[in-house]
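All the letters of the sequence shown, read from the start, carry residue numbers 636 to 1085 under my numbering. All remarks here apply to the structure that follows.
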Amino acid sequence: MARIKLTDGLVAAAEPQARETFLWDDALPRFGVRISPQGGRFYLVQYRAKGPEGQGSKVRRVYIGRHDGELWNVTKARAAARKLLAPVDLGQDPYADRQADRQAKHAAALAAQEAEAASVRKAAQRAKETVSVQAELYITRRLAKRRSGGEAARLLRHGPVAAWGERHVSEIRRADVADLLETIAQRSPAVARATFAELRPFFDWCVEGDKIAVSPCANVKAPPRPAARDRVLADDELRLIWRAADAMGFPFGPVFKLLMLTGQRRAEVAGMRWSELDLTAGLWRIPAERAKNKQAHELDLSPEALAIIRQVKELRLNSDVLFPARGEGAVRGFSATKRKLDAMIEDLRRQDAADAGDDPPTEPLPAWRTHDLRRTAATGMAAMAFPPHVVERVLNHVSGTQSGLVGVYQRHEYRPERKAAAFAWSTRVAAIRDGQPMPSNVIDLAAQRA
């Protein structure tokens, strides 16, 4: 292996050959330059390293850099070569060290990539296991099969999802559940109790799916049952509600009027179908699947109720539902509508006070719920001397007078009495609407039958 003292000029002037050639430095043995057929010039050191036990030595080549006259020239490359060869003289193997370092860096890079990929997978999985995502899956897979699934979904979305939506289900603790229920109870104890009734099976479902080990609802006491309501609306309050409903217009205005006139349940009135109505006979047949108590119900519609229904018919809506939503099914969103109705009532009260020359009211109308209209109807019919079993048949309500042994053997439908009660209450609501006083006489059932 010929040697020559390498200089920058010599390296630059060397002609490429058909095969790679080497120029070896006589100033520093084992240091040289490789000239490729394409003209590339690469500084390197070449040495023999002792192989593993029982094996001969191996020729090693460690490249320093490409000759360019600035970054790497003969002087810089020779200095780098001395550093590389120094450990060789001590029995070490820089090539093996470099390879091991390269492999270590490669392994570290692969580990970093895998860690990043695992982190991405974990983040993706975590995103799938937030309260919001899991609640929507639960609503789709479980609640959709329930008749009351819509209300249950609303409670979950407005309560736990709104409070914890982006948190992982495993992060929710008993203290979080207790705090949420306390917050809701400050607004409505009944809603807090209903929310807990839906929250507990949701977290049980998460346990079943191995999303959490223990439900945060475990050992949490259900909020106490709210005291039974006994709110009965006064005549002046009913008149205000009617006027506000009149101003509200379709679809909720007629819905609230029919609630007042018939005393039926909110969902049943809002979901009224043309296919359930016989306007000629003045009958409304509510099928069992739409009744809360799963019992089919037939109601005699008063002239006042029929008049409202016929007004809706004149709108010629292309739907079997009298009060259709913008999407599918019947109108919903009663909470927001009730707030709007309350605001309209307060506007009417202020206007009435101004018209009478009085100061505006300082307190709002006492709080009332849509269901109070049903209780008011029941109370009103009772006040007109209709017996409880007749009133309950009008309202399709099952209680002690219709259940148990009495309910089994007492199959009489009380059709004339039911019609009399329904018509009497509807007539009374119309009188309240028109500002007429409460009559002092009791309803004559015999006259009603005639």
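Beta carbons are placed, not taken as given, at the ideal position from N, Cα and C, and that holds for glycine.
Exercise. What is the residue span of the alpha helix (DSSP H) that residue 712 lies within?
Worked result: 709-724
Problem set entry | Whole beta strand (DSSP E) elements within the stretch 905-948, 3-residue minimum | 918-921, 932-935
For this session: Using three-state DSSP, classify residue 677 as helix, strand or coil.
Result: strand
For this session: Put residue 893 into one of helix, strand or coil per three-state DSSP.
Result: helix
Problem set entry | Whether residue 898 touches residue 1050 by CB criterion (8 Å) | no
Exercise. Taking the alpha-carbon positions, what's the residue 843 to residue 812 distance?
Worked result: 19 Å
For this session: Give the secondary structure of residue 765 by DSSP, where H, G and I count as helix, E and B as strand, and everything else as coil.
Result: strand
Exercise. If you check the beta carbons only, do residue 765 and residue 801 fall under 8 Å apart?
Worked result: yes
Exercise. Counting Cβ pairs, one atom from each stretch, are 3 or more of them under 8 Å apart for the stretch 879-894 and the stretch 973-980?
Worked result: yes
Exercise. Which stretch, first to last residue, makes up the beta strand (DSSP E) that contains residue 885?
Worked result: Per DSSP, residue 885 belongs to no beta strand (DSSP E) and is neither H nor E.
Exercise. Per the contact definition of three or more C-beta pairs closer than 8 Å, is the stretch 790-800 in contact with the stretch 849-869?
Worked result: no
For this session: Using alpha carbons as the reference points, say which of 747, 779, 826, 834 lies closest to residue 799.
Result: 834
Problem set entry | Supposed contact pair residue 940 and residue 893 - C-beta distance, whole angstroms, cut 8 Å | 6 Å
For this session: Note down the Cα distance separating residue 890 from residue 768, rounded to an integer number of angstroms.
Result: 35 Å
Problem set entry | Three CB pairs or more closer than 8 Å across the stretch 996-1014 and the stretch 841-861 | no
Exercise. Distance, Cα to Cα, residue 827 vs residue 809?
Worked result: 15 Å
Exercise. DSSP state of residue 1049, grouped into three classes?
Worked result: coil
Exercise. So is residue 640 buried or exposed if we call it buried at 16+ other beta carbons inside 10 Å?
Worked result: exposed
For this session: Determine whether the Cβ of residue 1015 lies closer than 8 Å to any Cβ atom of chain D.
Result: Here chain D cannot be found, since the structure has a single protein chain.
For this session: Indicate whether the contact test is met: 3 or more Cβ pairs, each with one atom in the stretch 910-920 and one in the stretch 1004-1020, closer than 8 Å.
Result: no
Problem set entry | Counted within 10 angstroms of its Cβ, other Cβ atoms place residue 1040 as buried (16 or more) or exposed | Residue confidence for residue 1040 is low, a pLDDT of 37 falling below 50, so the modelled location carries little weight; the figure read from the coordinates is stated next. Exposed is the call here.
Problem set entry | Environment of residue 667 [buried if 16+ CB atoms lie within 10 Å] | buried
For this session: Check whether the Cβ atoms of residue 1004 and residue 874 sit closer than 8 Å, and answer yes or no.
Result: no
Exercise. Hey, residue 1064 and residue 907 are a contact pair by Cβ (cut 8 Å); roughly how many whole angstroms apart?
Worked result: Actually they do not touch by this definition, with Cβ atoms about 18 Å apart.
Exercise. Beta strand (DSSP E) containing residue 973: first to last residue?
Worked result: Here residue 973 belongs to no beta strand (DSSP E); instead the alpha helix (DSSP H) covers 969-990.
Problem set entry | Collapsed DSSP secondary structure at residue 834 in the structure displayed | helix
For this session: Excluding the 5 residues preceding and the 5 following residue 1028 in the sequence, name in chain order all residues of the same chain whose CB lies nearer than 6 Å to its CB.
Result: 1049, 1053
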